[in-house]
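Student: Sequences listed follow chains D, A and U, in order. For the first sequence, numbering that gives the first Met the number 0 begins at 0 and goes up steadily by one. For the second sequence, numbering that gives the first Met the number 0 begins at 0 and goes up steadily by one. For the third sequence, numbering that gives the first Met the number 0 begins at 0 and goes up steadily by one. Supplied in structure tokens, the structure appears directly below.
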Amino acid sequence: MFTSLFATLQNMAPEDLILAALLIPTAAALLIPLFHRIPNLREAVTLIAAVTLATVSWSLYPHIIGGEQPELKVWEVAQGLTLSFRVEPLGMLFGLVASTLWIVNSIYSIGYMRGNNEPRQTSFYVCFAVALASTMALAFSANLFTMFLAYELLTISTYPLVTHKATPEAMKAGRVYLMLLIGTSMVLFLPAIVITWATAGTLEFTAGGIIPIAGENAVSPFLLGGLLFLFIFGIGKAAVMPIHFWLPAAMVAPTPVSALLHAVAVVKAGVFSILKVVVYVFGIDALTTTSANTWIIYLSAFCVLMASIIAMNQDNLKARLAYSTVSQLSYIVLGAALATATSVTGGALHILMHAFAKITLFFCAGAIYVAHHKTEVSQLDGLGRLMPVTMFAFLIASLSIIGIPPLGGTWSKWFLALGALDAHYQFAMAVFMISSLLNTAYLLPIVSRAFFKPLPGIANGEKVAIAEAPTACLIAISVTTLGCFFLFFYADFALDMIKLVDFTGAQTNTASSPAASAEILKGASNVR
Amino acid sequence: MELLKTFAAHYNYFITIFLMISGLFIVIARGNLIKKLVGLSLFQTSVYLLYLTPAKILGGTAPIYEEGYKLYSNPLPHVLMLTAIVVGVATLSLGLALVVRIKEAYGTVEEDEIFAKDPEAE
Amino acid sequence: MNVLSWGAVEPQLPILLVVIPLLGALLTTFLRNSFLAWLVATVVAFTLPFISIHLLVTVLQTGQPIVYNIGNWEAPFGIVYRVDQLSGYVLSVIAIIGAVIMPFARRSVAAEIEERARSWYYTMYLLCLAGLLGIVITGDAFNAFVFLEISSLATYVLIALGKNRRALLAAYQYLIMGTIGATLYVIGVGLLYVVTGTLNFDDLASRLSAAIVDPGQRNAVVTALGFIVVGLSLKLALFPMHMWLPNAYAYAPSFATAFLAGTATKAAIYLLVRVVFSVFGVGMTLENLPIGEVVIVLSIAAMFLASISAVFETNAKRMLAYSSVAQIGYITLGIAIANQAGMTGSLAHIANHAIMKTALFLALGAVFYRVGSVLYSDISGIGRKMPLTMAAFAVAGLGLMGTPGTAGFISKWYLAVAAIDDGMYSVVFLIVASSLISVVYIGRITEVVWFREPSKAAAQAKEAPLSMLIPLWLLVGATIYLGFDTRATVGTASEAAKMLLEGVQ
Numbered sequence: 000m001f002t003s004l005f006a007t008l009q010n011m012a013p014e015d016l017i018l019a020a021l022l023i024p025t026a027a028a029l030l031i032p033l034f035h036r037i038p039n040l041r042e043a044v045t046l047i048a049a050v051t052l053a054t055v056s057w058s059l060y061p062h063i064i065g066g067e068q069p070e071l072k073v074w075e076v077a078q079g080l081t082l083s084f085r086v087e088p089l090g091m092l093f094g095l096v097a098s099t100l101w102i103v104n105s106i107y108s109i110g111y112m113r114g115n116n117e118p119r120q121t122s123f124y125v126c127f128a129v130a131l132a133s134t135m136a137l138a139f140s141a142n143l144f145t146m147f148l149a150y151e152l153l154t155i156s157t158y159p160l161v162t163h164k165a166t167p168e169a170m171k172a173g174r175v176y177l178m179l180l181i182g183t184s185m186v187l188f189l190p191a192i193v194i195t196w197a198t199a200g201t202l203e204f205t206a207g208g209i210i211p212i213a214g215e216n217a218v219s220p221f222l223l224g225g226l227l228f229l230f231i232f233g234i235g236k237a238a239v240m241p242i243h244f245w246l247p248a249a250m251v252a253p254t255p256v257s258a259l260l261h262a263v264a265v266v267k268a269g270v271f272s273i274l275k276v277v278v279y280v281f282g283i284d285a286l287t288t289t290s291a292n293t294w295i296i297y298l299s300a301f302c303v304l305m306a307s308i309i310a311m312n313q314d315n316l317k318a319r320l321a322y323s324t325v326s327q328l329s330y331i332v333l334g335a336a337l338a339t340a341t342s343v344t345g346g347a348l349h350i351l352m353h354a355f356a357k358i359t360l361f362f363c364a365g366a367i368y369v370a371h372h373k374t375e376v377s378q379l380d381g382l383g384r385l386m387p388v389t390m391f392a393f394l395i396a397s398l399s400i401i402g403i404p405p406l407g408g409t410w411s412k413w414f415l416a417l418g419a420l421d422a423h424y425q426f427a428m429a430v431f432m433i434s435s436l437l438n439t440a441y442l443l444p445i446v447s448r449a450f451f452k453p454l455p456g457i458a459n460g461e462k463v464a465i466a467e468a469p470t471a472c473l474i475a476i477s478v479t480t481l482g483c484f485f486l487f488f489y490a491d492f493a494l495d496m497i498k499l500v501d502f503t504g505a506q507t508n509t510a511s512s513p514a515a516s517a518e519i520l521k522g523a524s525n526v527r
Numbered sequence: 000m001e002l003l004k005t006f007a008a009h010y011n012y013f014i015t016i017f018l019m020i021s022g023l024f025i026v027i028a029r030g031n032l033i034k035k036l037v038g039l040s041l042f043q044t045s046v047y048l049l050y051l052t053p054a055k056i057l058g059g060t061a062p063i064y065e066e067g068y069k070l071y072s073n074p075l076p077h078v079l080m081l082t083a084i085v086v087g088v089a090t091l092s093l094g095l096a097l098v099v100r101i102k103e104a105y106g107t108v109e110e111d112e113i114f115a116k117d118p119e120a121e
Numbered sequence: 000m001n002v003l004s005w006g007a008v009e010p011q012l013p014i015l016l017v018v019i020p021l022l023g024a025l026l027t028t029f030l031r032n033s034f035l036a037w038l039v040a041t042v043v044a045f046t047l048p049f050i051s052i053h054l055l056v057t058v059l060q061t062g063q064p065i066v067y068n069i070g071n072w073e074a075p076f077g078i079v080y081r082v083d084q085l086s087g088y089v090l091s092v093i094a095i096i097g098a099v100i101m102p103f104a105r106r107s108v109a110a111e112i113e114e115r116a117r118s119w120y121y122t123m124y125l126l127c128l129a130g131l132l133g134i135v136i137t138g139d140a141f142n143a144f145v146f147l148e149i150s151s152l153a154t155y156v157l158i159a160l161g162k163n164r165r166a167l168l169a170a171y172q173y174l175i176m177g178t179i180g181a182t183l184y185v186i187g188v189g190l191l192y193v194v195t196g197t198l199n200f201d202d203l204a205s206r207l208s209a210a211i212v213d214p215g216q217r218n219a220v221v222t223a224l225g226f227i228v229v230g231l232s233l234k235l236a237l238f239p240m241h242m243w244l245p246n247a248y249a250y251a252p253s254f255a256t257a258f259l260a261g262t263a264t265k266a267a268i269y270l271l272v273r274v275v276f277s278v279f280g281v282g283m284t285l286e287n288l289p290i291g292e293v294v295i296v297l298s299i300a301a302m303f304l305a306s307i308s309a310v311f312e313t314n315a316k317r318m319l320a321y322s323s324v325a326q327i328g329y330i331t332l333g334i335a336i337a338n339q340a341g342m343t344g345s346l347a348h349i350a351n352h353a354i355m356k357t358a359l360f361l362a363l364g365a366v367f368y369r370v371g372s373v374l375y376s377d378i379s380g381i382g383r384k385m386p387l388t389m390a391a392f393a394v395a396g397l398g399l400m401g402t403p404g405t406a407g408f409i410s411k412w413y414l415a416v417a418a419i420d421d422g423m424y425s426v427v428f429l430i431v432a433s434s435l436i437s438v439v440y441i442g443r444i445t446e447v448v449w450f451r452e453p454s455k456a457a458a459q460a461k462e463a464p465l466s467m468l469i470p471l472w473l474l475v476g477a478t479i480y481l482g483f484d485t486r487a488t489v490g491t492a493s494e495a496a497k498m499l500l501e502g503v504q
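Right, here's the structure in full:
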């Protein structure tokens, strides 16, 4: 059935596909409450929406890889504020990651939510669908206004997910979540957009950047640095220290939320936004020629190491993973800050690679919680004997995060390290290497504990019955674990696309129609 | 001397200002709700004077077009003040009505006593 | 010729806008049945938006103001009614809000007002509406004062009939402050009349530029400006002259609060803009008195201090009332910046804020109808019992915070752009930082109503009736809609701003 759907979709105009990608999760959000009393149908809606959405995204892929950048201009809200979408390679990659993982995550959610008998499941699925709609909108946004709109919507739709448990602790976390994310976006991100509008006269993402650094209206390097500051900290979802507190706080949410949203959609929306701002608003050349990016290189390098060190001291499993995420996000910010084509490629790849690895780790954490209600690392002794599949998956995903072949994480680290050399920041390369060691130090002990320490109260040779999480959870875990392997061998599909990113914009500035710019893009594809 | 002359020539304005200020002072300084209204009325009354003094022309008559009368007073300010008086009366009566209701509800018309009974009303 | 043919009626529309509610008020006085009174008020209120929108559209199409000479006396001898881009826009806002909330009125008023006073209540409502529309449509400074007082006197009654005895005191305090404000305004107008001998806005404007050359007259003119600005600031509740507002809004009957929050201060803002820009001309104003700077400082103070007061409130209506003071700060800020973007943002916010705040107060009115209180302790957990009402509240709250995709964002965007256009980078951050405080107070009440266990009173409540939900969701829908389609708000506002700022630079 889906093959025929796929065939139909391939014949659709790419503009319609964009619209479909936005409308499918929205429609799901509207349909789910109707089946409030029939949980099976309700979950079916989510699953169908997820599969359709992923199919739609994958149908867009051939267009993008063919050099097109389909555009969907919805409406001009006010002068300069246009609601419009354009799929460019970075957004396509992010959209693919989010939509594909939504399928897996939905399967996992069903197992987890039912296994735990969670309350208010309908609103859970509704908010999830809205969050996905905003994620897709963000991925495909064609200008800063649309991005900001999607960004805020994503925060608001995930707030009820964070406070899902409605305990005082969850409420407190929700407050931190809302205040930090909305707060930074309002106080820093929004002024950054306003200033961009005032200096550049446009908000459209344009190859090569839109902020003038030479000529009559040139922005001084000082202001440029200030603007970058506003963007980096304004996009609080990227969890650059010190705006990272919301991420560990958000871990009170049910694990599927932590897995898809706080390891993939929300945080990646943050770093993706930063990548996009660096590439399409500033332009990497503008940053390197003015050296406005230097301080961020040091800051994000510091975050990479600091967050890893904090992660080592976390006993709560999800908190450790959260700090690991903070650290890994800073990889991507560092990649963006280095502002070379290679480092940005590495950053973009890391969105993909880290997503698969981290969602697996969270799935495992959730599986452990569903099956044995254990949340702390110190409680995991000998658990490998009870949950061999889960703990094996945990091992694989950890290795991918560390960056060991043949796992996907290898590639992103490779490109990031190369990018550091390209930019003549050798120390950044050292940071990547040290950080890999730290990753080993906070992830692998969990696995070794589970496999090599005895189960409390049970002698070493004694047989124990395997007690795994619900099958739905296991399926999801297996899929993403296999994904980690797969991405090592088939990373080309992403790499080829990232190659299409026009970093300099020298050629496309004159091109007006997407088709024309596509022609030029083909010629300029090998920027690296 | 010059100053005195100015004063004498504009004494009506000084009266206006005196009334205005004393009315406003009573509104602010007095805690009795009735006295506040008295002050408010005084304040409004001063405006009548403000409008009427420039309108009155010495020796002028009502503006009726007739042989033999050359000097007219401007009728418009008088008309305006008729309206203002109506507004003033309406305000005063509504204010007094409110005070009656307040007295019924709180048993007093002294501001401090009311706030003592109902701290949140402040 | 048919007297009632459109051709005969159309030229009379400006006066009808005031006469219809006045006659309606008269009619309701004689109706002792509260349902009939409501019906009359509703019919009257629903004719007004059609008239005002028709006038506005005509003005926008022709680009010429519509001038109506009362009794065929031409300006400056007679009183004229004048509809231009600005007044047509504000008229439409007031008339639409006045109409939309009418379905809500019946049950709410029936629940909160004694039977014998109900039909008079509608009388007062229509008088207030007539007064507000009159302020905006008139082209005569003194006539504006009269309408100001008509609307104010009606407002005092609307507030005083609240169930809580504090409503009486709130009405009394408002009466004192409002009368002082209106009297200050009329003193200013008197001074202008002494200098120029005219009361017509246009005529005043042309004669003032001549008068200002004479140093003696110049003093009088500047004094007049001071009196008028302070007087109107009292009426529009510019910080720190807002003290009357929180209690008045908090203890008035729900219907009155919803109506006043959307319209009353807006009419006063209109009058201020009209006098400062059209009569004095912004150049003259800023040259002679540092009004711009003072108002910017006061507006920012309002945005912060009133918002902080809102954070610590435990009475939902008072919380929103403080938020109103803060939002008025946004409006006056843009007016004081006085450039195209700022003016546009402020004028757009007049409509946006009216819609959002009315929606919020309607939601609270519905809660009050079911629970009988709006204290946080009583309405905790009400979201589970009245999900539709409180969802509407949440969405309108998002608008108030200025979330993109809502009307509130548009106004904020223009204000921020205005500040940058004027080189005031720090003001941009003050604008966004103060809206962050609104996140706190909206977030706090959201938490109370959605995530707390239902209180005793809330546990027995059920969803609001349809007659309350429909106007509520209409306004909430408008909040979202105007976040995307800004032709009606920003489009008109920028036309009006262009007109006001013409010849300024």
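The C-beta atom is built at its ideal place from N, Cα and C for all residues, glycine as well.
What are the residues of the segment 318-345 of chain D that lie near chain U, defined by any Cβ-Cβ distance shorter than 7 Å?
Tutor: Taking 7 Å as the Cβ-Cβ cut-off against chain U, none of the residues of the segment 318-345 of chain D qualify.
Student: With H, G and I counted as helix, E and B as strand and the rest as coil, what does DSSP make of Tyr68/A?
Tutor: Tyr68/A falls in the coil class under three-state DSSP.
Student: In terms of residue numbering, what span does the beta strand (DSSP E) encompassing Arg174/D cover?
Tutor: Per DSSP, Arg174/D belongs to no beta strand (DSSP E); it is in the alpha helix (DSSP H), Pro167 to Thr183.
Student: Please confirm if Ile307/U has its CB atom under 8 Å from at least one CB of chain A.
Tutor: Not closer than 8 Å to any Cβ of chain A, the Cβ of Ile307/U fails to qualify, so no.
Student: Straight-line CA distance for Asn11/A to Ile186/U?
Tutor: In a straight line, the C-alpha of Asn11/A is about 15 Å away from that of Ile186/U.
Student: Look up Lys497/U in the DSSP assignment and say whether it is helix, strand or coil.
Tutor: Note: Lys497/U maps to helix in three-state DSSP.
Student: Mind checking if Arg29/A is an interface residue toward chain U, Cβ cutoff 8 Å exclusive?
Tutor: Chain U, which has no Cβ nearer than 8 Å to the Cβ of Arg29/A, makes this no.
Student: Flag this pair as yes or no: are the beta carbons of Tyr124/D and Thr254/D separated by less than 8 Å?
Tutor: The answer is no: Cβ separation not under 8 Å.
Student: Whose Cβ in chain D lies nearer than 8 Å to the Cβ of Ile95/U?
Tutor: Under the 8 Å cutoff, chain D gives no residues; its nearest Cβ is about 20 Å from Ile95/U.
Student: Quick one: give me the first and last residue of the alpha helix (DSSP H) that Thr374/D is part of.
Tutor: Looking at the DSSP string, Thr374/D is not in any alpha helix (DSSP H), and its letter there is neither H nor E.
Student: On the DSSP bridge list, what partners appear for Phe84/D?
Tutor: Answer is Leu71/D and Ser140/D, bridged to Phe84/D.
Student: Measure from the C-beta of Ile14/A to each C-beta in chain U and report whether the shortest distance is under 8 Å.
Tutor: Not an interface residue.
Student: Can you tell me whether Val270/D is buried or exposed, with buried defined as 16 or more other CB within 10 angstroms of its CB?
Tutor: Burial call: buried.
Student: Suppose the cutoff is 7 Å on Cβ atoms and the five residues either side in sequence are ignored; what does the same chain contact list for Leu71/D look like?
Tutor: The answer, listed in chain order, is Glu14, Ile17, Leu18, Ser83 and Phe84.
Student: Can you tell me where the alpha helix (DSSP H) with Asn246/U in it begins and where it stops?
Tutor: It spans Trp243 to Tyr250 - the alpha helix (DSSP H) in which Asn246/U sits, taken as one unbroken run.
Student: Taking the beta carbon of Met432/D as the centre, do at least 16 other beta carbons fall within 10 Å, making it buried, or is it exposed?
Tutor: Exposed, since its Cβ has fewer than 16 Cβ neighbours within 10 Å.
Student: I'd like to know whether the C-beta of Ala12/D is nearer than 8 Å to at least one C-beta of chain U.
Tutor: It does not: the Cβ of Ala12/D has no partner Cβ on chain U nearer than 8 Å.
Student: Counting only runs of 4+ residues fully inside the segment 39-105 of chain U, write out the alpha helix (DSSP H) ranges in chain order.
Tutor: Whole alpha helix (DSSP H) segments, 4+ residues: 84-99.
Student: Considering Ile19/U, what are the terminal residues of the alpha helix (DSSP H) in which it resides?
Tutor: Leu12 to Phe29 is the span of the alpha helix (DSSP H), which, as asked, contains Ile19/U.
Student: From what residue to what residue does the alpha helix (DSSP H) around Arg448/D run?
Tutor: Per DSSP, Arg448/D belongs to the alpha helix (DSSP H) from Gln425 to Phe451.
Student: At a CB-CB cut-off below 8 Å, which residues of chain A make contact with Glu148/U?
Tutor: Correct list: Val86, Ala89 and Thr90.
Student: Could you say which of Arg448/D, Ser342/D, Leu394/D and His371/D lies nearest to Ser411/D if we only look at CA atoms?
Tutor: Taking only the C-alpha atoms, the option nearest Ser411/D is Ser342/D.
Student: For Ala77/D, does the three-state DSSP call read helix, strand or coil?
Tutor: It is a strand residue.
Student: How far does the alpha helix (DSSP H) with Glu148/U in it reach, from first residue to last?
Tutor: Counting along the chain, the alpha helix (DSSP H) containing Glu148/U begins and ends at Ala140 to Ala159.
Student: Tell me the DSSP bridge mates of Thr60/A?
Tutor: Paired residues: Tyr71/A.
Student: Does the beta carbon of Ser91/U sit closer than 8 Å to a beta carbon anywhere in chain D?
Tutor: No, Ser91/U does not count as interfacial toward chain D.
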